[in-house]
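Engineer: So that we are looking at the same thing, I have put the structure below in structure tokens.
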Amino acid sequence: MAQTAIPFHFFRGGTSRGPYFRRQDLPEDRETLARVLVAAVGSGHKLNIDGIGGGAAVTTKVAMLSRSESNDCDIDYFFAQVSVEDGLVDFKPTCGNILSGVGPAAIEMGLMPSQGDVTRIRIRSVNTGAKVEAVVRTPGGQVDYTGDAAIDGVPGTAAPIFLNFMDVVGSVTGSLLPTGQVRDVIDGIELTCMDVAMPIAIARAADFGLTGFETVEELDANRDFYARMEPIRQEAGRRMGMGDVAKSVTPKFALLAPPRDGGTVTARYFMPWNCHPTMAVTGAQCLASCVLTPGTVAEGLFAPPDGRPALVLIEHPGGVIDVTVDYDSGPEGFALKSAGLLRTARLLARGEVMVPEAIWDGK
């Protein structure tokens with residue numbers, strides 16, 4: 004059977020991994036695009052044996068890049084979350100870890116010229132409208148992947164990539180607190196439903212009879228927890244104005260607990276049908292905002308960070324992620340200015356991925 008070859012770069016971005024495509028090399032219509040991405044990743048098998056996915060939600064992510072249509076940005080970043088086993092593609096969310104590789108990928112693909120030893124790339128998230136500046140090392144005009152920066156969840160060290168997120172409040176729902184409440188109660192569980200970079204229904208681990216320090220394996224084996232959590236998540240999505248979210252990966256779900264290793268707070272982040280092995284970059288921004296907003300379910304779990312901008316240290320299953328939050332807090336409540344994170348990325352491979360021509364002939 005004939006196949007269609009699609010050029011791609013394969014990156015680790017933060018603690019996620021996946022193919023990065025030029026948007027122009029893929030189908031325009033979403034239905035065909037979804038079928039092509041399912042075939043490329045190999046969704047439909049737990050090991051993604053017939054594609055280039057890795058058998059986990061953090062390794063079945065896709066980035067699609069183009070020169071920006073916005074005058075104040077350089078690159079448009081269109082994200083797709085491909086399911087591992089279900090053959091589904093969700094175009095609603097974005098991914099901050101995969102975003103870590105967008106700057107290097109744009110330069111590698113020739114979509115963005117380097118600017119000397121350091122290149123600043125203004126990125127627009129097509130999915131949410133958020134704007135991010137990525138600062139990438141480019142000595143001699145080439146992307147530098149070697150350095151001393153380490154992030155928990157990734158072995159070794161690499162060159163730092165600095166991400167400064169702006170305009171992320173209400174990224175999906177249009178509101179910091181889309182239910183209109185700092186706390187909601189659903190099925191006896193107190194929640195804060197918040198939308199900063201990613202809409203999340205946030206609860207305290209103790210309210211589910213958990214410590215919050217469980218491992219990923221322990222949580223994913225606890226199907227009683229998921230059976231209790233999922234209807235709550237779906238109702239939270241409805242109250243957040245997101246409609247029926249039964250087949251959507253948003254809103255995400257998160258549990259908070261007190262820190263135990265010197266951080267600000269402990270968190271477990273759900274994608275939403277399994278636990279993230281570390282922490283999503285977008286999720287970290289929302290959870291940091293929850294920590295800094297008075298009256299949320301985070302209140303009482305931690306000692307408030309000093310100063311502004313505030314450094315929020317979120318302990319997760321793989322270590323700690325640092326979020327620097329510049330914000331105002333006054334009579335009108337919490338107002339996020341920007342959130343900054345340090346990430347790393349590495350180009351792993353480049354070439355062509357093949358999909359059956361019967362799915363898309365590319366002509």
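4 is the number of the first residue of the sequence shown in the working numbering; add one for each residue after it. Built from N, CA and C at the ideal position, the CB exists for glycine as well.
Just to confirm before moving on: does the CB-CB distance between Ile189 and Met197 stay below 8 Å?
Structural biologist: No, the pair does not count as a contact, with Cβ atoms beyond the cut-off.
Engineer: Distance check for Gly354 and Pro308, CA to CA, integer angstroms please.
Structural biologist: Their Cα atoms are separated by approximately 46 Å.
Engineer: What is the DSSP secondary structure of Asp76, counted as helix, strand or coil?
Structural biologist: The question names Asp, yet the displayed sequence has Cys at residue 76. Three-state DSSP puts Cys76 in coil, outside helix and strand.
Engineer: Taking the DSSP output, what are the residues bridged to Phe356?
Structural biologist: Looking at the sequence shown, residue 356 is not Phe but Val. In the DSSP output, where bridge partners are listed per residue, Val356 has Ile9.
Engineer: Let me know if Asn74 comes out buried or exposed under the rule of 16 or more other beta-carbons within 10 Å of its beta-carbon.
Structural biologist: Counting Cβ neighbours within 10 Å, Asn74 comes out exposed, since fewer than 16 surround it.
Engineer: Determine the extent of the alpha helix (DSSP H) in which Leu213 is found, giving its start and end residues.
Structural biologist: Run containing Leu213: none; DSSP gives neither H nor E here.
Engineer: At the level of alpha carbons, what is the spacing between Val44 and Pro262?
Structural biologist: Computed Cα separation, rounded: 37 Å.
Engineer: Where do the N-terminal and C-terminal ends of the alpha helix (DSSP H) with Ala109 fall, by residue?
Structural biologist: Segment Val105 to Glu111, the alpha helix (DSSP H) holding Ala109.
Engineer: From Ser117 to Val315, what distance separates their C-alpha atoms?
Structural biologist: Answer to the nearest angstrom: the Cα atoms are 32 Å apart.
Engineer: Go through the region 7-62 residue by residue and report every complete run of the alpha helix (DSSP H) that reaches 4 residues or more, in order.
Structural biologist: Listed in chain order, the complete alpha helix (DSSP H) runs (minimum 4 residues) inside the region 7-62 are 33-44.
Engineer: Whole-angstrom Cβ separation of Ser19 and Tyr80, contact assumed at under 8 Å?
Structural biologist: Contact doesn't hold; Cβ gap of about 13 Å is too wide.
Engineer: Can you give me the Cβ contacts of Phe94 inside the same chain, cut-off strictly under 6 Å, excluding the 5 residues immediately before and after it?
Structural biologist: Same-chain partners within the cutoff: Ala83.
Engineer: So, for Asp28: in the same chain, excluding its five sequence neighbours on each side, which residues have a beta-carbon less than 7 Å away from its beta-carbon?
Structural biologist: Closer than 7 Å at Cβ, skipping near neighbours: Ile9 and Pro10.
Engineer: Looking at the structure shown, is Ala161 part of a helix, part of a strand, or coil, going by DSSP?
Structural biologist: Strand, per DSSP.
Engineer: Where do the ends of the beta strand (DSSP E) carrying Tyr272 lie?
Structural biologist: Taken as a continuous stretch (DSSP letters only), the beta strand (DSSP E) holding Tyr272 covers Val268 to Phe273.
Engineer: The alpha helix (DSSP H) spanning Ala133 covers which residue range?
Structural biologist: Taken as a continuous stretch (DSSP letters only), Ala133 belongs to no alpha helix (DSSP H), as it is neither H nor E.
Engineer: For Glu217, count the other beta carbons within 10 Å of its own beta carbon; 16 or more makes it buried, fewer makes it exposed. Which is it?
Structural biologist: Its Cβ being crowded by 16 or more others within 10 Å, Glu217 is buried.
Engineer: Do Thr347 and Ser86 have their beta-carbon atoms positioned less than 8 Å apart in this structure?
Structural biologist: It is not a contact, given that the beta carbons lie outside the stated cut-off.
Engineer: Can you look up Glu221 in the DSSP assignment and give me helix, strand or coil?
Structural biologist: DSSP places Glu221 in helix when its eight states are reduced to three.
Engineer: Which residue wins for smallest C-alpha separation from Ala301, given the options Ile126, Ile205 and Ala109?
Structural biologist: Nearest C-alpha to Ala301: Ile205.
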